[in-house]
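Step one of this worksheet: look at the structure below.
In the working numbering, the protein residues as written are 2 to 220.
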């Protein structure tokens, strides 16, 4: 029987290393963006952010072109919702939701992976790192710091717009490193489970046919 990831030092090392590196990259990139992207460093006052949902210390700024050709800019926003600003002004709900999601990720690690499922352990580490990075912002800053603005100034055809957005932009959401880690980890985890063999087929393949001697399996 394959050793459970819960008892494997190798599995734990992979999970924790990816999680710590991902968390550190998220926190550092957000801190650096809020220090460098605008003309002056942005000072975030937690109590003010929590007491007044309409207040923002971010001044008007042009942002920074990261990948030319209207592919990626850096522009600062503070988000009180989930990934891409979904569900704004639901801070407590998303703190609780994130804690539950992190517990589920830990349960998947211990219950549904073995010591050799390194791909899944990396995926879970990315999910935990990204989730903890945004959880840190919600608890200790009051809002999540976002700065990645993909496909800036590109618009949907025919004057269309996404539900909940009146801008008509092709990609109106601004996100952060933690969001990238979360979505990448979830995509990898879906691939991992998709590639797992069907338990029913495994059971049928290992079950002797009627009249067959179990001690003499077919060649």
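We put the beta carbon where it would ideally sit given N, CA and C, even for glycine.
Q) For the candidate residues 130, 167, 160, 146, whose alpha-carbon lies nearest to that of residue 15? A) 130
Q: Give the secondary structure of residue 25 by DSSP, where H, G and I count as helix, E and B as strand, and everything else as coil.
A: helix
Q: Identify the continuous alpha helix (DSSP H) that holds residue 180 and give its terminal residues.
A: 178–196
Q) Helix, strand or coil: how does DSSP classify residue 113 here? A) helix
Q: For residue 173, count neighbouring Cβ atoms within 10 angstroms of its own Cβ and tell me buried if that reaches 16, exposed if not.
A: buried
(Q) Across the segment 47–66 and the segment 154–174, are there enough close Cβ pairs to call them in contact, namely three or more that are closer than 8 Å? (A) no
Q | Exposure label - residue 204; buried when at least 16 CB within 10 Å | A | Note that residue 204 scores 44 on pLDDT, short of 50, meaning its location in the model is unreliable; the coordinates nonetheless yield the value given after this. The residue is exposed, with fewer than 16 neighbouring Cβ atoms inside 10 Å.
Q: Return the residue from the list 76, 137, 196 that minimises the CA-CA distance to residue 99.
A: 137
Q: Could you tell me which of 38, 96, 167, 26 sits nearest to residue 142, measuring between CA atoms?
A: 96
(Q) Could you check whether residue 154 and residue 71 sit closer than 8 Å to each other, using their CB atoms as the reference points? (A) yes
Q.
Which same chain residues end up closer than 6 Å to residue 186 when comparing Cβ atoms and leaving out the 5 residues on each side of it in sequence?
A. 124, 127, 128
Q | Rounded straight-line distance, which links the Cα of residue 108 to that of residue 1 | A | For the chain, the structure presents residues 2 to 220; residue 1 sits outside this window and is missing.
Q) Which residue from 169, 176, 121, 112 puts its Cα closest to that of residue 135? A) 176
Q) For the alpha helix (DSSP H) that residue 8 lies in, which residues bound it at each end? A) Where residue 8 is concerned, there is no enclosing alpha helix (DSSP H), given that its DSSP letter is neither H nor E.
**Q.** Check whether residue 64 and residue 150 have beta carbons under 8 Å apart
**A.** yes
Q: For residue 3, name the three-state secondary structure that DSSP assigns.
A: coil
Q | Where the beta strand (DSSP E) through residue 1 begins and ends | A | The shown model of the chain, from 2 to 220, leaves out residue 1, and the question about it has no answer.
Q: May I ask you to list the residues that DSSP assigns as paired with residue 151?
A: 73
Q.
Please return the same chain residues whose Cβ sits closer than 8 Å to the Cβ of residue 59, not counting the five positions on each side in sequence.
A. 39, 43, 77, 78, 79
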